[in-house]
């Protein structure tokens, strides 16, 4: 089977998101061929180069989403093409600005889809859309849609600067429509398109389905629409936020309508997809696969952890709410004076660096250095380390050093650090954020976010009960090995690939290099040499001879 794997800002780039997951999938499905179609996010990402690829990857094609406005070879349209562009882009902008509630939701979704495919057909026949989308004609078309009767108030109040900002974003998001990936020598030759995320990454899959009938599978471990909502900073103008949110919402709806199967990584992502109109019958939850081998020794060896140590591991940023954790630990220290807290992680960007400095200052304020006697050097019960330092050489050793692993996030997607702790057989205390409850499944304690008192109570309960810690840790490791390994992930996708292709064969006469038909390129019944009647002979009525 030939699979077109679609990514945005990820695999096979060395600095890409979700690169490890995609690489494990490709290597685990060595019996299939993969063609990679990757959209890059920055010049730096392209300069970092590609990961070493296994032999089953037969083709790699890339396209940038980061180039400046003057790049990409602007194409000038003639009068007829400009009229087609105005019609289709006006419909798309009108669908973005229209209300999608009540009985009109299906109409709006159809308008958006027809306009999207109309623009793709225009780009295929006349050349790229970039110049037209950035032109005065494109901006005026968007402005007319914003000022049209029935448009929301935030859209009607959009200023010229807001329209230019939205235009730039739409031009980048719609660049896949202008790519030459949709012929029989590219995605059209695939038996299946697998998008590793929603949004622009799935757009080539939509077009391969539209032009060539190739079935589409969409995997979302982090819902693209939700990430867009969270990524909109408070400084963005209301009109910009409203228009871009509407565009990404319409695009998500179309992707969920057309995909043969959706594979969210957890129930939290599944609920987002269902709210956007995804059919429950076409959703299969497939948990991310993680390598458990590196954590085997920590999970199976006798517990040599410090029974009074709490461990936090992750990327330091405000969403992890280390401030609440430090205040909770102050209560833990009041009730368990010998308790210690290890915070292990690196800051996530400039904001994370500033937040780490704030947490260090708060820890110094809440916990002055302590010494066991008059002649001993004082130390703080809270320590800050990074993976690779002398005190925290590897992740398994960090998890194994503590009796309880703590997660204090207020915003969380799929908590990979929690699964690593479960692989190590550690009892956990977590806040109810994202997919935490689904991952824990009763093998750890869960408390509300931003509640230091509840977090402290749960930590103290486990620190005082070593037998309960051992039971929870053993149950957590068993659950992680059953649900969250690379092997189960690869096996699930192998079955889904076969399910999709068996129901949606690509009915084309494709040949491989030796001239033999490619597997799955035509349904099995098409190879039957003779014409078979609709009703078998044994089912036909018989007449008895007259006597």
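Numbering (the numbering used here), first residue to last: 214 to 760.
Just so it is clear, CB atoms sit at the ideal spot from N, CA and C, and this is done for glycine as well.
Just so you know, these numbers come straight off a predicted model, no measurement behind them.
Own chain, CB closer than 8 Å to residue i, minus 5 neighbours either side, in chain order
i           : result
residue 427 : 217, 400, 401, 403, 404, 405, 406, 418, 421 and 719
residue 678 : none
residue 473 : 428, 429, 430, 495, 713, 716 and 717
Option nearest residue i by Cα separation, candidates the options
i           : options               : result
residue 374 : 450, 480 and 384      : 450
residue 519 : 529, 377 and 555      : 555
residue 697 : 577, 498, 513 and 227 : 498
residue 278 : 490, 343 and 302      : 343
residue 770 : 475, 363 and 321      : This structure cannot settle anything about residue 770, because the visible part of the chain is limited to 214 through 760.
residue 666 : 412, 606, 384 and 547 : 547
residue 536 : 685, 301, 297 and 663 : 663
residue 361 : 568, 307 and 254      : 307
residue 661 : 620, 682 and 681      : 620
residue 246 : 707, 715, 305 and 644 : 707
residue 301 : 687, 326, 319 and 280 : 326
residue 294 : 335, 262 and 260      : 335
residue 681 : 658, 694, 699 and 622 : 658
residue 471 : 234, 423 and 577      : 423
residue 454 : 365, 387 and 276      : 365
residue 534 : 248, 380 and 622      : 622
residue 595 : 514, 540, 562 and 601 : 540
residue 452 : 378, 577 and 571      : 378
residue 371 : 457, 323 and 237      : 457
residue 538 : 576, 607 and 505      : 576
Buried or exposed by the 16-neighbour rule on C-beta atoms within 10 Å, applied to residue i
i           : result
residue 467 : buried
residue 354 : buried
residue 722 : Legend: pLDDT at residue 722 = 48, less than 50; position of this residue unreliable, value from coordinates given subsequently. Exposed.
residue 257 : exposed
residue 433 : buried
residue 338 : exposed
residue 227 : exposed
residue 232 : buried
residue 486 : buried
residue 502 : buried
residue 461 : buried
residue 254 : buried
residue 283 : The predicted position of residue 283 is uncertain, since its pLDDT is 44 and thus under 50; a value taken from the coordinates is nonetheless stated next. So residue 283 counts as exposed.
residue 214 : buried
residue 571 : exposed
residue 296 : exposed
Collapsed DSSP secondary structure at residue i in the structure displayed
i           : result
residue 245 : coil
residue 214 : coil
residue 632 : helix
residue 557 : strand
residue 715 : helix
residue 524 : strand
residue 226 : strand
residue 263 : strand
residue 343 : helix
residue 640 : strand
residue 720 : Residue confidence for residue 720 is low, a pLDDT of 47 falling below 50, so the modelled location carries little weight and cannot support an answer.
residue 519 : strand
residue 477 : strand
residue 537 : helix
7 Å Cβ shell around residue i - same chain, five flanking residues per side excluded
i           : result
residue 634 : 612, 618 and 641
residue 507 : 609
residue 483 : 477, 496 and 498
residue 522 : 553, 555, 614, 615 and 616
residue 597 : 556 and 573
residue 637 : 508, 511, 512, 609, 612 and 613
residue 396 : none
residue 469 : 475, 486, 489, 490 and 491
Chain D within 8 Å of residue i, Cβ atoms only
i           : result
residue 555 : Absent here is chain D; the protein component of the structure consists of one chain.
Whole-Å CB distance - residue i paired with residue j, under 8 Å assumed
i           : j           : result
residue 429 : residue 408 : 7 Å
residue 526 : residue 630 : 5 Å
residue 332 : residue 390 : 6 Å
residue 669 : residue 524 : Contact doesn't hold; Cβ gap of about 16 Å is too wide.
residue 543 : residue 579 : 5 Å
residue 624 : residue 646 : 6 Å
residue 269 : residue 239 : 7 Å
residue 274 : residue 290 : Actually they are not in contact, since the Cβ atoms of residue 274 and residue 290 sit about 26 Å apart, beyond 8 Å.
Close-in-space but distant-in-sequence residues of the same chain around residue i (CB under 6 Å, 5 per side omitted)
i           : result
residue 346 : 384
residue 479 : 627, 648 and 651
residue 560 : 529, 566 and 569
residue 376 : 352, 355 and 356
residue 656 : 685, 688, 689 and 692
residue 437 : 410, 411 and 412
residue 593 : 580 and 582
residue 276 : 252 and 392
residue 235 : 224 and 409
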